[in-house]
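Novice:
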Amino acid sequence: MNFSFRKPTPSSNWLALAKKLEYVQQYNFPYIDDVSKFSEMFIIGEGTFGRVFKARNKHTEKFVALKLIMVLNEEGFPITAIREIKILQRLDHVNIVHLIEICKSRGEQVVGFTIFVFRNTYMLNAVHKEKVKIPLYSAASPENYFKANFFLVMEFCEHDLAAFLLNKNVTLKLEELKMMLKMMLNGLFYLHSNKILHRDLKPANILLTKTGILKLADFGLARPFSTSTAAKRNCMTGKVVTLWYRAPEIHLGDRDYGPPIDMWSVGCIMAELWTRRPLMIAESEQMHLQMISGLCGSINTEVWPDVNKLPLFKVVKLPQHCDRKICKLLRHRINNDKALDLLDKLLILDPKKRIDANNALDHDFLWTNPLPCDLSPLMSQYDRTTPSPRSLANQDPNQKYGQEYNFPFVEGINTYRDIVKIGEGTFGEVFKARNKYTQQIVAMKMIRVNRATKDLSIMAIREIAILQRVHHENMIRLIEICKYHADFFLIMDFCDHDLAAFLSNKNVTFKLEEIKTMLKMLLNGLFYLHFNKVLHRDLKPANILLTRTGILKLADFGLARPFSTSTAAKRNCMSSRVATLWYRAPELLLGDRNYGPPIDMWSVGCIMAEFWIRHPLMPGTSEQGQLNMITRLCGSINRIVWPDVTRLPLFNVVKLPQCGYDWKVYADLWYCVNNNEAFHLLFQLLCLDPSKRISAYTALYHCFFRTNPLPCDLGAMMSRYNDRPNLTFFVNRSP
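If you use UniProt numbering, the sequence shown corresponds to residues 1 to 735, in order.
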């Protein structure tokens with residue numbers, strides 16, 4: 001079906017604001033239904049270019065997935081969304097998610113249980129009677145009020161493959177693995193036969209229905225391709241595919257790629273079906289190329305004749321004299337010769353020699369006993385015992401973490417040597433060590449067991465549970481857990497520096513673009529945390545780490561807690577004695593126990609100011625002193641600027657200075673910052689009223705990050721300081 005969007009009539013150019021609003025609200029979109037036909041909307045995920053909701057059709061009672069198309073600028077409907085719609089309309093296959101229709105909502109409109117308003121969406125949970133506030137737009141432009149929100153209505157799938165692979169309680173038989181791989185290849189063969197590349201295959205984009213049907217999803221990066229041999233006929237971007245599943249030809253700058261890039265991703269996913277973790281976890285493109293070479297052999301003209309024609313072949317550093325040992329390394333996990341043979345053909349370096357979907361479907365692995373089987377028994381078992389994040393969309397996170405938690409661990413720490421203490425976490429000492437087999441440098445955080453009860457503290461259990469749940473480039477990664485005598489060690493990524501050391505060292509200078517990059521990575525990690533309903537509760541420079549390659553990572557989750565988005569009174573009944581004093585939000589100082597993500601955003605504001613002034617913004621010596629410093633900089637705390645402040649337990653107990661309503665940060669810091677966009681973002685981060693404080697999602701789209709100089713790669717900055725021992729780990733500046 002072709003969609004034609006009529007332009008506004010000429011008279012709309014001179015209509016008054018009220019008339020224009022009435023015109024937009026009464027405008028009839030031909031051929032497109034209103035999203036009010038759906039109810040009970042719950043957020044279940046994030047697509048490449050839009051947020052995804054679960055909803056129920058009021059008339060048919062069937063569940064659907066609604067993908068919101070985000071319009072984040074003034075350029076109209078995004079071209080990426082148009083491409084996705086065109087591709088989804090072309091596709092009709094049992095192993096590809098089905099586009100049912102396109103719906104819209106506009107302006108301020110009641111949509112079933114959902115109220116859409118400018119800049120924010122309020123979602124009412126019909127079961128728990130909860131209101132959930134979710135930001136939609138980043139720019140506070142009046143034009144956004146007149147924009148329609150468009151939704152892709154797709155079939156709802158109860159599970160995704162990533163949930164299966166992360167859950168240790170789910171065991172997959174060989175015949176079930178074969179069936180998943182076969183359906184994945186079936187969908188991919190259909191795509192490639194219709195000259196379409198997916199370009200973002202990963203477990204999170206592979207869905208499973210409760211009847212056991214696997215479906216490829218999220219076509220936000222999909223593109224049609226040509227089979228022509230004319231040079232550069234397919235001139236496509238190289239910034240596609242999630243890093244861990246990205247083919248080597250993309251890393252080397254190929255823009256004339258084709259179906260082999262998807263087949264490489266299939267190989268990585270196939271290995272993950274057995275290993276239950278990504279095959280090649282890397283923090284940068286250079287590191288990923290090194291891991292590819294270590295597993296699949298050196299990249300050279302002997303194994304890949306045309307590789308020297310790729311733009312970056314002579315630019316990037318490629319490891320030499322590496323043997324191909326992927327089958328050897330995975331044999332202890334994949335004890336099947338035919339499976340290893342197929343995996344070997346999927347992960348061939350030369351894309352011309354890499355097996356295609358058609359030949360992979362004919363491979364002996366899929367046609368020998370045990371044959372692929374029906375997945376419906378597996379799915380019914382999984383539905384009963386361990387629901388996926390999609391089916392838990394409306395479950396209170398506190399209930400999930402309130403249950404008894406068991407985690408796997410390895411006895412002994414004999415795998416690690418050269419153990420040296422480097423710092424102190426919230427609830428344990430931190431050591432640096434080397435894996436004697438892989439030579440990888442790791443950080444070991446010791447968690448002491450209560451000698452009387454011989455149990456871990458609830459704080460430690462929460463930290464482990466959260467670390468096992470989060471997987472993001474800007475979050476510290478938990479590699480494994482070891483037990484030594486009575487104590488446990490969390491084995492994590494080792495980061496060479498922490499932000500506190502950089503800020504304390506006067507020899508370190510930051511360019512504006514470097515500050516933007518660090519702040520953007522900080523917000524990226526925080527958005528991921530808050531999106532997954534987790535609060536950090538102890539953000540400060542000492543808990544923000546930097547790798548040698550310039551990747552910023554949030555660390556130390558000793559105080560982290562899951563939270564609920566319910567507005568029910570005291571639903572989040574948490575301690576207010578969290579966050580280091582200098583970075584503690586005013587609502588915590590006034591005794592609020594029903595707080596949420598805004599407390600972390602206040603800490604981000606304090607850290608942001610510190611990038612320029614190079615010392616803590618508000619170094620109070622007591623809670624009363626901290627409140628005095630906050631009011632001096634951000635204005636008086638009262639009902640005029642913060643209507644709900646009178647409900648906080650300590651509002652009438654502590655002495656609040658009356659300093660007027662001026663925001664004095666601008667005057668105090670102008671000599672250091674001297675950037676209007678930075679001050680505007682800082683103003684929104686250090687807003688006294690938490691309900692008005694900017695969210696991580698909205699902050700990421702702030703104009704501060706979209707104006708010159710743009711955020712840059714931190715590799716050059718890190719190379720200047722990597723060899724300085726006084727910049728490594730844990731500088732204690734806390735009160």
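C-beta atoms are modelled at their ideal positions from N, C-alpha and C, and glycine is treated no differently.
Please confirm if the segment 195-210 is in contact with the segment 160-170, defined as three or more CB-CB distances below 8 angstroms between the two stretches.
Specialist: Counting Cβ pairs under 8 angstroms, three or more are found: they touch.
Novice: Counting along the chain, where does the beta strand (DSSP E) carrying N628 start and finish?
Specialist: As a first step, residue 628 must be located in the sequence shown, where it is residue number 628. Run containing N628: none in the beta strand (DSSP E); it sits in the alpha helix (DSSP H), 623-634.
Novice: Nearest-angstrom Cα distance between R577 and V430?
Specialist: Within the sequence shown, numbered from 1, the residue matching residue 577 stands at position 577. Within the sequence shown, numbered from 1, the residue matching residue 430 stands at position 430. Distance between the alpha carbons of R577 and V430 is about 23 angstroms.
Novice: Counting only runs that start and end within the segment 539-595, where is the beta strand (DSSP E) found for 3 or more residues in a row?
Specialist: You should have 544-546, 552-554.
Novice: Between the Cα of M629 and those of W582, P598, G596, spot the shortest distance and give me the residue it belongs to.
Specialist: As a position in the sequence shown, residue 629 is number 629, starting the count at 1. When each option's Cα is compared against that of M629, the closest is W582.
Novice: Looking only at C-alpha atoms, which of L686, C482, K483, L467 sits nearest to I476?
Specialist: For the purposes of this step, residue 476 is taken as the residue at position 476 of the sequence shown. Minimum Cα distance to I476 is reached at L467.
Novice: What does the Cβ neighbour count give for H702, buried or exposed, with the cut at 16 atoms within 10 Å?
Specialist: The residue given as residue 702 occupies position 702 in the sequence shown. Buried is the call here.
Novice: Return the bridge partner residues of P224 from the DSSP annotation.
Specialist: The residue you call residue 224 lines up with position 224 of the sequence shown. Partner(s): I196.
Novice: Output needed for L686: all residues of its chain with C-beta closer than 6 angstroms, excluding positions within five of it in sequence on either side, in chain order.
Specialist: Along the sequence shown, one-based indexing puts residue 686 at 686. Excluding positions up to five away in sequence, the list reads G605, C634.
Novice: Let me check one thing: in DSSP terms, what residues is F705 bridge-paired to?
Specialist: Reading the sequence shown from its first residue, position 705 is the one you call residue 705. In DSSP, F705 forms no bridge with anything.
Novice: Which term fits W367, buried or exposed, when burial requires 16 or more other beta carbons within 10 angstroms of its beta carbon?
Specialist: In the sequence shown, residue 367 corresponds to position 367, counting from 1. So W367 ends up on the exposed side.
Novice: Out of N708, A217, K210, V170, which one is the CA nearest neighbour of G187?
Specialist: What you label residue 187 is simply residue 187 of the sequence shown in a count that begins at 1. For G187, the nearest C-alpha among the options comes from A217.
Novice: Going by C-alpha distance, which of D374, M287, K309, W274 is nearest C327?
Specialist: Looking up residue 327 in the sequence shown gives position 327. For C327, the nearest C-alpha among the options comes from W274.
Novice: Whole angstroms is fine: what's the gap from N543's alpha carbon to F611's?
Specialist: Translated into positions along the sequence shown, residue 543 becomes position 543. Translated into positions along the sequence shown, residue 611 becomes position 611. The alpha-carbon atoms of N543 and F611 are separated by roughly 15 angstroms.
Novice: Nearest to L208 by alpha carbon, out of Y190, M183, G220, F679?
Specialist: In the sequence shown, counting from the first residue as 1, residue 208 sits at position 208. L208 has its Cα closest to that of M183, out of Y190, M183, G220, F679.
Novice: On the criterion of 16 or more Cβ atoms from any shown chain inside 10 Å, does G402 qualify as buried, or is it exposed?
Specialist: In the sequence shown, residue 402 corresponds to position 402, counting from 1. With a pLDDT of 33 at G402, under the threshold of 50, the modelled position of this residue cannot be trusted; read the value that follows with caution. With fewer than 16 other Cβ atoms within 10 Å, it is exposed.
Novice: Are there 16 or more other CB atoms within 10 angstroms of the CB of P260, so buried, or fewer, so exposed?
Specialist: The count along the sequence shown starts at 1 and reaches residue 260 at position 260. Classification for P260: buried.
Novice: Between the segment 508-526 and the segment 703-723, can you find at least three pairs of beta-carbon atoms closer than 8 angstroms?
Specialist: Output reads yes: the segment 508-526 touches the segment 703-723.
Novice: DSSP three-state call for N167: helix, strand or coil?
Specialist: If you number the sequence shown from 1, residue 167 lands on position 167. Coil at N167, not helix or strand.
Novice: CA-CA distance, R324 and L347?
Specialist: The count along the sequence shown starts at 1 and reaches residue 324 at position 324. The count along the sequence shown starts at 1 and reaches residue 347 at position 347. Those two C-alpha atoms are separated by around 11 angstroms.
Novice: What residue range does the alpha helix (DSSP H) around D344 cover?
Specialist: Along the sequence shown, read from residue 1 onward, the residue named residue 344 stands at position 344. Counting along the chain, the alpha helix (DSSP H) containing D344 begins and ends at 337-346.
Novice: Where does V430 sit, in a helix, a strand or coil, going by DSSP?
Specialist: The residue given as residue 430 occupies position 430 in the sequence shown. DSSP places V430 in strand when its eight states are reduced to three.
Novice: Identify the residues that DSSP records as bridge partners of G480: which are they?
Specialist: Walking along the sequence shown from the start, residue 480 turns up at place 480. It should be pointed out that residue 480 corresponds to Glu in this sequence rather than to Gly. E480 is bridged to I491.
Novice: Got a sec? Which residues, its chain only, sit under 6 angstroms from F729 by beta carbon, not counting five neighbours each side?
Specialist: Within the sequence shown, the letter at position 729 stands for residue 729. Here the model assigns F729 a pLDDT of 41, short of 50, so the residue's position is not dependable, and the following value carries that caveat. Around F729: I422, G423, D498.
Novice: Whose C-beta lies closer than 6 angstroms to the C-beta of S284 among residues of the same chain, with five residues either side of it excluded?
Specialist: Sequence index remark: in the sequence shown, residue 284 carries index 284 (1-based). Only T549 meet the Cβ criterion.
Novice: Out of curiosity, what's the CA-to-CA distance linking P397 and I43?
Specialist: Indexing the sequence shown from 1 puts residue 397 at position 397. Indexing the sequence shown from 1 puts residue 43 at position 43. At P397 the pLDDT is 38, less than 50, meaning the model places this residue with poor confidence; the figure from the coordinates comes in the next sentence. Answer to the nearest angstrom: the Cα atoms are 14 angstroms apart.
Novice: For N149, write down the residues that DSSP places opposite it in a beta bridge.
Specialist: Here the question's residue 149 lines up with position 149 in the sequence shown. Bridge partners of N149: S105.
Novice: Since G596 and P649 should fall inside the 8 angstroms C-beta cutoff, what is the C-beta to C-beta distance between them, to a whole number of angstroms?
Specialist: Taking the first residue of the sequence shown as 1, we reach residue 596 at position 596. Taking the first residue of the sequence shown as 1, we reach residue 649 at position 649. Not a contact, Cβ separation roughly 17 angstroms.
Novice: Assign S575 to one of two classes, buried (16 or more other C-beta atoms within 10 Å of its C-beta) or exposed (fewer than that).
Specialist: Within the sequence shown, residue 575 is the residue found at index 575, counting from 1. Per the 10 Å Cβ criterion, exposed.
Novice: From this set, L279, A247, L197, Q439, which residue's C-alpha is nearest residue 739's C-alpha?
Specialist: Residue 739 is absent from the model: the chain starts at 1 and stops at 735.
Novice: So, is R199 buried or exposed, given that buried needs 16 or more other C-beta atoms within 10 angstroms?
Specialist: What you label residue 199 is simply residue 199 of the sequence shown in a count that begins at 1. Counting Cβ neighbours within 10 Å, R199 comes out buried, since at least 16 surround it.
Novice: With 16 as the cutoff for other CB atoms within 10 Å, does Q381 come out buried or exposed?
Specialist: Stepping through the sequence shown from its first residue, residue 381 is reached at position 381. When all chains shown are included, Q381 counts as exposed.
Novice: DSSP three-state label for K67, please.
Specialist: Counted from its first residue, the sequence shown places residue 67 at position 67. Looking at K67 - three-state DSSP - the assignment turns out to be strand.
Novice: What is the C-beta distance between L554 and N474, in whole angstroms, given that I count them as a contact (C-beta under 8 angstroms)?
Specialist: Position 554 of the sequence shown, counted from the first residue, corresponds to residue 554. Position 474 of the sequence shown, counted from the first residue, corresponds to residue 474. Indeed they touch by this definition, with Cβ atoms about 6 angstroms apart.
Novice: Cutting at 6 angstroms between CB atoms, please list the residues of its own chain near V111, excluding the five before and the five after it.
Specialist: Residue numbering aside, residue 111 sits at position 111 when the sequence shown is read from its first letter. Low local confidence applies: a pLDDT of 35 at V111 is under 50, so the model's placement there is unreliable, and no value is given.
Novice: Only counting the same chain, and skipping five residues up and downstream in sequence, which positions put a Cβ closer than 7 angstroms to that of R584?
Specialist: Within the sequence shown, the letter at position 584 stands for residue 584. Once the five neighbours on either side are set aside, the close Cβ partners of R584 are Q626.
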